[in-house]
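Note that the working numbering numbers the sequence shown so that position 234 is 633, with each residue one more than the last.
Yeah, the Cβ is synthetic: ideal placement off N, Cα and C, and Gly gets one too.
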Amino acid sequence: MHETMERLVKLQSVDYQLKSIKEKMGNLPETVLALESRIKEEEEKKVQESERMNQNQAGVTKNQGKIKEYRAKLEKYQEQLYLVTTNREYDALTAEIDYAKKEIEEAETQIHEAREENQELEESIKHSDENIEMLKVDLEKAKKNLEKTIQETRDEKERLEKERQEITKKIPRNILNVYERVRKARRGVAVVPIIRDACGGCNNKVIPQKRVDIYKRNKIVTCDICGRFIYSDEGNLTVDK
Numbered sequence: 400m401h402e403t404m405e406r407l408v409k410l411q412s413v414d415y416q417l418k419s420i421k422e423k424m425g426n427l428p429e430t431v432l433a434l435e436s437r438i439k440e441e442e443e444k445k446v447q448e449s450e451r452m453n454q455n456q457a458g459v460t461k462n463q464g465k466i467k468e469y470r471a472k473l474e475k476y477q478e479q480l481y482l483v484t485t486n487r488e489y490d491a492l493t494a495e496i497d498y499a500k501k502e503i504e505e506a507e508t509q510i511h512e513a514r515e516e517n518q519e520l521e522e523s524i525k526h527s528d529e530n531i532e533m534l535k536v537d538l539e540k541a542k543k544n545l546e547k548t549i550q551e552t553r554d555e556k557e558r559l560e561k562e563r564q565e566i567t568k569k570i571p572r573n574i575l576n577v578y579e580r581v582r583k584a585r586r587g588v589a590v591v592p593i594i595r596d597a598c599g600g601c602n603n604k605v606i607p608q609k610r611v612d613i614y615k616r617n618k619i620v621t622c623d624i625c626g627r628f629i630y631s632d633e634g635n636l637t638v639d640k
């Protein structure tokens, strides 16, 4: 077999094995990242809600002071009603009394709304705490499973990566670039055998002249349809890595 094609076949085999190792991890890496992200979101939500509660409490304190102030004024205005001697003075005092009552009513409404919102926020924070605890348990479990899988496959992965590095050193850069591009576009499969005179990747018939070159095994041949490298798997591979 053409040396470069043989190395491409070996490279594809190594990549298959590396892909298999990655698949053993399943979606554990993504699960870990997703859980960490959800925990962060819950914690940020808690901070925002706590800040909102503090703002509400500050508003309650301010409105309590406002109520105290206007109740004092209201008491003063009501006492002054008995001392007025003209309709104009009476109208001015009643207007002040009405304004004081309105301010007190608005302040009481705002206090009520703030306290109701704080109750809801308190429940939400409590719910977030519960969610965070559950998420942390799931995260710890996912991390342990991921670490276990990494430990089980570390040696094999390192061996394969080293083997891959050695193989790629001996493949011309332009050919390797094509391999990587096709592999990325074709779900990890860039090198396939010819099967019943057809491409083993897309199953399209290979033209006669290319079939001759493939079976002679002395040229690098690619599929006209899917771009994959095609080889004949008859005989043994003998070229060094």
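Secondary structure of VAL590 (DSSP, three-state): strand. With respect to the 9 Å criterion, LEU545 and MET424 are classified as neighbours on the basis of their beta carbons. Within the same chain, GLY600, CYS625, ARG627 come within 7 Å of ARG585 by CB-CB distance, once the 5 residues on both sides are set aside. Under the 8 Å Cβ criterion, the stretch 529 to 539 counts as touching the stretch 427 to 443, having at least three qualifying pairs. In this model, LEU480 and GLU488 are separated by some 9 Å (Cα to Cα). Contact annotation: the stretch 612 to 622 touches the stretch 400 to 415, with at least three C-beta pairs closer than 8 Å.
In the displayed model, ILE629 falls within a strand according to three-state DSSP.
Between the stretch 545 to 554 and the stretch 581 to 596, the count of Cβ pairs shorter than 8 Å is below three; the stretches do not touch. Relative to the Cα of GLU450, the nearest Cα in the group GLU521, ASP414, LEU575 belongs to GLU521.
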